[in-house]
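K.L.:
Pasting in a structure now, in structure tokens, and then I'll have a few things to ask.
Protein chains: 2
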Amino acid sequence: MSTFVNRQILLTSRPAAEARADNFTLVEAPVPVLTDGQVLVRNHYLSLDPYMRGRMNDSKSYAQPQPLNAVMQGGTVGEIVDSKNGQFQPGDKVVGMGGWQEYAVVDATQRGVLRKVDTAKIPLPAYLGAVGMPGVTAWYGLVKLINPKAGETVVVSAASGAVGGAVGQLAKVRGARVVGIAGGPDKCRQVVEELGFDACVDYKAFAGLKELSAALKAACPKGIDGYFENVGGVILDAVMQNANAFSRIALCGMISGYDGAPIPMAAPQLLLVNRMKLEGFIVSEHMEVWPDALGELGTLVATGQLKYRETIAEGLASAPEAFIGLLKGRNFGKQLVKLV
Amino acid sequence: MSTFVNRQILLTSRPAAEARADNFTLVEAPVPVLTDGQVLVRNHYLSLDPYMRGRMNDSKSYAQPQPLNAVMQGGTVGEIVDSKNGQFQPGDKVVGMGGWQEYAVVDATQRGVLRKVDTAKIPLPAYLGAVGMPGVTAWYGLVKLINPKAGETVVVSAASGAVGGAVGQLAKVRGARVVGIAGGPDKCRQVVEELGFDACVDYKAFAGLKELSAALKAACPKGIDGYFENVGGVILDAVMQNANAFSRIALCGMISGYDGAPIPMAAPQLLLVNRMKLEGFIVSEHMEVWPDALGELGTLVATGQLKYRETIAEGLASAPEAFIGLLKGRNFGKQLVKLV
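Those protein sequence lines, which keep their order, are chains A and B. For the first sequence, the numbering used here assigns the number 1 to the initial residue and increments by one for each residue that follows. For the second sequence, the numbering used here assigns the number 341 to the initial residue and increments by one for each residue that follows.
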């Protein structure tokens, strides 16, 4: 097995402001011989996620920084191609954290690092999206933090993304009115027509806070009871201007501020005036909900009730540009890199 | 009884920016004859509270605006001097919402508008402070929202105020390290020496966010796990820079922004990075906790374990200036107006 050449993408410099393709370097390395307990996984798809941008900085955040000159870490799905571990056989489909490389050697004796998945009713890449980390992220924020009642209005930003799309559909299942915020008419059309949201506000169509707030008010005539935040900045300010008493904000991401200076919250007094509850979370710290969440998400996907789109880049070398496109909002739905 | 002349203070104009004494007018009015179910209360003390400033504006807030040309509403303690209600006898000491006037006619058939209190072990004005609305406010935010564990660090702003002082002492009872923020060396000394806080940061001694944040860091070497917010603005920003993962903010007031333009939150992304929970509340919406809260507060006051200070203005006519002084932080502890 040691004759395999593994292609890998390393983070070789940290961005000064925006992430750039030349922060990454593609290298080749031999695949080491397996030792007892290890398996060799051929990665079929890489997951690209906004959280990775924060980890590229060498600053305090909720995760350790991505080490320099090491393989970019990230979620993957793939197939076991060699095994020195009785729990995994060649041909098994698995989801794990294989990173930006074609092959991953994994010590599968550690509980939870690799999970076998069933692809009979659920396509393999869905385990990186609707039935994976983004889906559980949506589920946790919506179900555990926003907890919408039937008839309430739930808003989600980055609504056409992997997380946002799932948030809205899970909220619809619970009887809420669901309004997305997305960038551009194509995304907004998809959110309404494909994903079944009640409305979608194209934030790029409005000049500033006042106009965006008015558009949200028109889309949410009864105000906003729950908000799933992926973006921050002026979008958060506009939502807060339309927030109802006792509304809840699940704070999942603030991608608008990832590249540079923090973006202030214009009117924090609204949190008090409206007796709002706001909570930041990272889904990997709530492993206790994963079984329930994956149960519902898997059932909804397998029965066609939870829809999602994927944007698929081809080949390992495309990962840096695809990642930068994700940060700029060029993707529809889940951004993947297809290797096989 | 109709020969009584009642002196009253009305709100006769709304402030353009800072509240001013000439927003109020002192008038005289006859006390009406009681009808069945009513009682006449002679107000002994008026409670002055920061929330009243918000109600002076004619804008959306959590409470209805104070009506113009009507008696300023507010909490009072007093004594029944006449009664056409079998539940109350002359001589009974009561707490209620008597407003800024010497006598209040109260329809005591409405449940909860007047509450008889026992002054054997607890002085009458304490029912407007440590064993009243401010005490329950402190209790709700600390116990229900911050819920500190022994060894955690709890910070409270406006620490020498009626609410802040109770927050810190309730947190000490629960084994927390308690750090106050107050304006000036005298208040800070009182907070530490009289109220038993572990430390107090004088925000007036620091030029800006960076310096204030460094002072808080020195006072909270293990970071901040819980924050009870009465002030907002740069103080909130400085606390957030020192917040630990999974810290909680109970948002009770933002007095720094009451007079004018809202003050932005500089770095809302810290709420995400630190997976913080922030909740705005108004204690009057949580009546279910009042019995438990008043039980603990009454016991602590009666046994001398909960200390408090009062700043007492004399006579009804002093109420406007005393209220303005409260908004400027001139009071120590609970600001009262003594009428009898």
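We treat Cβ as the ideally placed atom computed from N, Cα and C, and that holds for glycine.
Determine the closest residue to A/Gly253 out of A/Tyr51, A/Pro123, A/Thr299, with distance taken between C-alpha atoms.
P.N.:
Of A/Tyr51, A/Pro123, A/Thr299, the residue nearest in Cα terms is A/Tyr51.
K.L.:
Rounded to whole angstroms, how far is the Cβ of A/Leu271 from the Cβ of A/Arg53, which I believe are closer than 8 Å?
P.N.:
A/Leu271 to A/Arg53, Cβ: 26 Å. No contact.
K.L.:
Kindly identify the DSSP beta-bridge partner or partners of A/Glu279.
P.N.:
DSSP, once it has assigned bridges, lists A/Ala250, B/Lys617 as partnering A/Glu279.
K.L.:
So is A/Met341 buried or exposed if we call it buried at 16+ other beta carbons inside 10 Å?
P.N.:
There is simply no residue 341 of chain A to check, as chain A begins at 1 and stops at 340 in what is shown.
K.L.:
Helix, strand or coil: which one does DSSP assign to A/Ser160?
P.N.:
A/Ser160 falls in the coil class under three-state DSSP.
K.L.:
What are the start and end residues of the beta strand (DSSP E) that includes A/Thr76?
P.N.:
Segment 76-83, the beta strand (DSSP E) holding A/Thr76.
K.L.:
Tell me, which residues are paired with A/Cys200 by DSSP?
P.N.:
The partner list for A/Cys200 (beta bridge, DSSP) reads A/Gly180.
K.L.:
For A/Met1 and A/Lys144, what's the separation of their Cα atoms in angstroms?
P.N.:
Note that A/Met1 scores 46 on pLDDT, short of 50, meaning its location in the model is unreliable; the coordinates nonetheless yield the value given after this. Straight-line Cα distance between these residues: approximately 46 Å.
K.L.:
Across which residues does DSSP place A/Met265 in a beta bridge pair?
P.N.:
For A/Met265, which the question treats as bridged, DSSP gives the partners B/Met605.
K.L.:
Just tell me which of B/Ser658, B/Gln645, B/Arg670, B/Val641 has its CA closest to the CA of B/Ala460.
P.N.:
Checked all of B/Ser658, B/Gln645, B/Arg670, B/Val641; the closest Cα to B/Ala460 is B/Val641.
K.L.:
Per DSSP, A/Ala166 forms a beta bridge with which residues?
P.N.:
DSSP output for A/Ala166 lists no bridge partner at all.
K.L.:
Starting from the C-beta of B/Leu576, find all residues in its chain whose C-beta is less than 7 Å away, skip the five residues before and the five after it, and write them out in chain order.
P.N.:
Closer than 7 Å at Cβ, skipping near neighbours: Glu569, Met605.
K.L.:
In three-state terms, what does DSSP make of B/Phe568?
P.N.:
Correct three-state label for B/Phe568: strand.
K.L.:
For B/Gln427, I'd like the list of residues in its chain whose CB is within less than 7 Å of its CB, leaving aside the five on either flank, ordered along the chain.
P.N.:
Contacts found: Ala448.
K.L.:
Pick helix, strand or coil for A/Gln101, following the three-state DSSP scheme.
P.N.:
In the structure shown, A/Gln101 sits in a strand (DSSP, three-state: E or B).
K.L.:
Quick check on DSSP: helix, strand or coil for A/Gly136?
P.N.:
Here residue 136 of chain A turns out to be Val, not Gly, going by the sequence shown. It is helical.
K.L.:
How long is the line joining the alpha carbons of A/Leu216 and A/Ala243, rounded to whole angstroms?
P.N.:
The alpha-carbon atoms of A/Leu216 and A/Ala243 are separated by roughly 10 Å.
K.L.:
Looking only at its chain, what residues have a beta carbon closer than 7 Å to the beta carbon of A/Tyr203, apart from the 5 residues adjacent to it on each side?
P.N.:
Taken in chain order, the residues that qualify are Ile181, Gly183, Leu212, Ile235.
K.L.:
In the structure shown, what three-state DSSP assignment does A/Gln38 receive?
P.N.:
Strand, per DSSP.
K.L.:
Distance check for B/Gly481 and B/Gly436, CA to CA, integer angstroms please.
P.N.:
Spanning the two alpha carbons is a distance of roughly 22 Å.
K.L.:
From what residue to what residue does the alpha helix (DSSP H) around A/Lys210 run?
P.N.:
Note, A/Lys210: alpha helix (DSSP H), 209-219.
K.L.:
Grab the span of the alpha helix (DSSP H) containing A/Thr299 for me, first residue to last.
P.N.:
Run containing A/Thr299: 290-302, per the alpha helix (DSSP H) assignment.
K.L.:
Is the segment 292-306 of chain A touching the segment 164-181 of chain A, taking contact as three or more C-beta pairs under 8 Å?
P.N.:
At 8 Å Cβ cutoff, the stretches touch.
K.L.:
Could you please give the first and the last residue of the uninterrupted alpha helix (DSSP H) stretch that includes B/Gly491?
P.N.:
No alpha helix (DSSP H) holds B/Gly491; DSSP gives it neither H nor E.
K.L.:
Measure the C-alpha to C-alpha separation of A/Arg7 and A/Tyr127 and round it to an integer number of angstroms.
P.N.:
Straight-line Cα distance between these residues: approximately 23 Å.
K.L.:
Out of curiosity, what's the CA-to-CA distance linking B/Ala659 and B/Ala653?
P.N.:
Cα to Cα, B/Ala659 sits roughly 7 Å from B/Ala653.
K.L.:
Please tell me whether A/Phe281 has its Cβ less than 9 Å away from any Cβ of chain B.
P.N.:
Yes, its Cβ sits closer than 9 Å to a Cβ of chain B.
K.L.:
Does any C-beta atom of chain A lie closer than 9 Å to the C-beta of B/Cys560?
P.N.:
Answer no: the Cβ-Cβ gap between B/Cys560 and chain A never drops below 9 Å.
K.L.:
Identify every residue that forms a DSSP beta bridge with B/Arg455.
P.N.:
B/Arg455 pairs with B/Val435.
K.L.:
Here's the rule I'm using: 16 or more other beta-carbon atoms within 10 Å means buried, otherwise exposed. How should B/Asn363 be labelled?
P.N.:
Buried is the call here.
K.L.:
Taking C-alpha atoms, which residue in A/Leu251, A/Gly329, A/Thr25, A/Pro268 lies nearest to A/Val71?
P.N.:
A/Val71 has its Cα closest to that of A/Thr25, out of A/Leu251, A/Gly329, A/Thr25, A/Pro268.
K.L.:
Please name the residues in the segment 262-286 of chain A whose beta-carbon is closer than 9 Å to at least one beta-carbon of chain B, in chain order.
P.N.:
From the segment 262-286 of chain A, only Pro262, Ile263, Pro264, Met265, Ala266, Ala267, Pro268, Gln269, Leu270, Leu271, Leu272, Val273, Asn274, Arg275, Met276, Lys277, Leu278, Glu279, Gly280, Phe281, Ile282, Glu285 have a Cβ closer than 9 Å to chain B.
K.L.:
At least one CB of chain B closer than 9 Å to the CB of A/Leu251: is that the case?
P.N.:
A/Leu251 counts as touching chain B.
K.L.:
Does the distance from the C-beta atom of B/Ser596 to that of B/Val571 stay below 9 Å?
P.N.:
In this structure, B/Val571 lies closer than 9 Å to B/Ser596 by Cβ.
K.L.:
Mind checking if B/Leu576 is an interface residue toward chain A, Cβ cutoff 9 Å exclusive?
P.N.:
Yes, its Cβ sits closer than 9 Å to a Cβ of chain A.
K.L.:
Where does the unbroken alpha helix (DSSP H) through A/Phe332 begin, and where does it stop?
P.N.:
No alpha helix (DSSP H) holds A/Phe332; DSSP gives it neither H nor E.
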